[in-house]
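*Asks:*
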Amino acid sequence: MGKRLVAFFSASGTTKKVAEMIASAVDADLYEIMPKQPYSKADLNWMDKKSRSSVEMSDKKFRPEISDIDVSVERYDEIILGFPIWWYVAPTIINTFLEKYDFTGKKIVLFATSGGSGFGNTVNELKISAPDAVIVEGKVFHKAAKQEIAEWVRSIL
49 MGKRLVAFFS
59 ASGTTKKVAE
69 MIASAVDADL
79 YEIMPKQPYS
89 KADLNWMDKK
99 SRSSVEMSDK
109 KFRPEISDID
119 VSVERYDEII
129 LGFPIWWYVA
139 PTIINTFLEK
149 YDFTGKKIVL
159 FATSGGSGFG
169 NTVNELKISA
179 PDAVIVEGKV
189 FHKAAKQEIA
199 EWVRSIL
């Protein structure tokens, strides 16, 4: 297998911890997808229909801006892409990331963190943003247990 990249968006730090463990286990480079405007605790209040995350997720065409930290995706054969599950799908900032780069012919393996939700319609919603990539539903981690992460990583190698 060629070179791997673990790219991730983490709103509260949970997904970042899992991403770091995955990158370490597969000897991959690590890239954090950073929103241009960081999310505050109030922005992430899913119970408030007017919170930033609620507004963004209610419009599937919304694309939050990401910081101008470029990553050379052409250097990687496989991208392991992680995010928290928001409203049963990936946050729209993941679409922003996928639309910023050319993923033609790349394999993208998804992982997510969640308090209890599954992937839902995530793969189909992300294929719109990277139609020429192979997007594979990986695993949703409900708790970031090191052994569970290690077992999953071995299964995708």
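Note that the working numbering has the sequence shown beginning at 49, numbered continuously upward.
Cβ atoms here follow ideal geometry from the backbone N, Cα and C, with glycine treated the same way.
Just so we're clear, the structure is a prediction, and the values are computed from it rather than from any experiment.
From the DSSP output, read off the bridge partner residues of residue 160.
*Replies:* Residue numbering aside, residue 160 sits at position 112 when the sequence shown is read from its first letter. Note: residue 160 sits in a beta bridge opposite 131 and 188.
*Asks:* Out of 67, 76, 150 and 53, state which residue places its alpha-carbon closest to the alpha-carbon of residue 131.
*Replies:* In the sequence shown, residue 131 corresponds to position 83, counting from 1. Minimum Cα distance to residue 131 is reached at 67.
*Asks:* If you draw a straight line from the alpha carbon of residue 119 to that of residue 110, how long is it in whole angstroms?
*Replies:* Taking the sequence shown and counting its residues from 1, one reaches residue 119 at position 71. Taking the sequence shown and counting its residues from 1, one reaches residue 110 at position 62. Straight-line Cα distance between these residues: approximately 22 Å.
*Asks:* Among the candidates 144, 178, 200 and 128, whose CA atom is the shortest distance from the CA of residue 84?
*Replies:* In the sequence shown, residue 84 corresponds to position 36, counting from 1. That would be 144, whose Cα lies nearest to the Cα of residue 84.
*Asks:* At which residues does the alpha helix (DSSP H) containing residue 100 begin and terminate?
*Replies:* Locating residue 100 in the sequence shown gives position 52, where the first residue counts as 1. Per DSSP, residue 100 belongs to the alpha helix (DSSP H) from 100-106.
*Asks:* If you count every other CB in all the chains shown that lies within 10 Å of the CB of residue 211, and 16 or more means buried, which is it?
*Replies:* Residue coverage of the chain in this structure runs from 49 to 205, which leaves residue 211 outside it and unanswerable.
*Asks:* Could you say if the segment 163-171 and the segment 192-201 meet the contact criterion of at least three C-beta pairs nearer than 8 Å?
*Replies:* no
*Asks:* Measuring straight from C-alpha to C-alpha, what distance separates residue 54 and residue 127?
*Replies:* For the purposes of this step, residue 54 is taken as residue 6 along the sequence shown, with counting starting at 1. For the purposes of this step, residue 127 is taken as residue 79 along the sequence shown, with counting starting at 1. It is roughly 6 Å from the alpha-carbon of residue 54 to the alpha-carbon of residue 127.
*Asks:* Could you check the C-alpha separation between residue 71 and residue 137 for me, to the nearest Å?
*Replies:* As a position in the sequence shown, residue 71 is number 23, starting the count at 1. As a position in the sequence shown, residue 137 is number 89, starting the count at 1. In a straight line, the C-alpha of residue 71 is about 23 Å away from that of residue 137.
*Asks:* So which of 57, 75 and 90 has the shortest CA-CA distance to residue 202?
*Replies:* By one-based count along the sequence shown, residue 202 stands at place 154. Per the Cα distances, 75.
*Asks:* If you drop the 5 nearest sequence neighbours on each side, which residues of the same chain put their C-beta closer than 6 Å to that of residue 157?
*Replies:* Counting from one through the sequence shown, the residue named residue 157 turns up at place 109. These residues qualify, in order along the chain: 128, 184, 186 and 204.
*Asks:* Measuring straight from C-alpha to C-alpha, what distance separates residue 169 and residue 175?
*Replies:* By 1-based counting over the sequence shown, the position of residue 169 is 121. By 1-based counting over the sequence shown, the position of residue 175 is 127. So the alpha carbons of these two residues sit roughly 10 Å apart.
*Asks:* Give the range of the alpha helix (DSSP H) segment to which residue 67 is assigned.
*Replies:* The residue you call residue 67 lines up with position 19 of the sequence shown. From DSSP, the alpha helix (DSSP H) with residue 67 extends over 62-74.
*Asks:* Report yes if the C-beta distance between residue 139 and residue 113 is below 9 Å; otherwise report no.
*Replies:* By one-based count along the sequence shown, residue 139 stands at place 91. By one-based count along the sequence shown, residue 113 stands at place 65. Contact flag unset, no.
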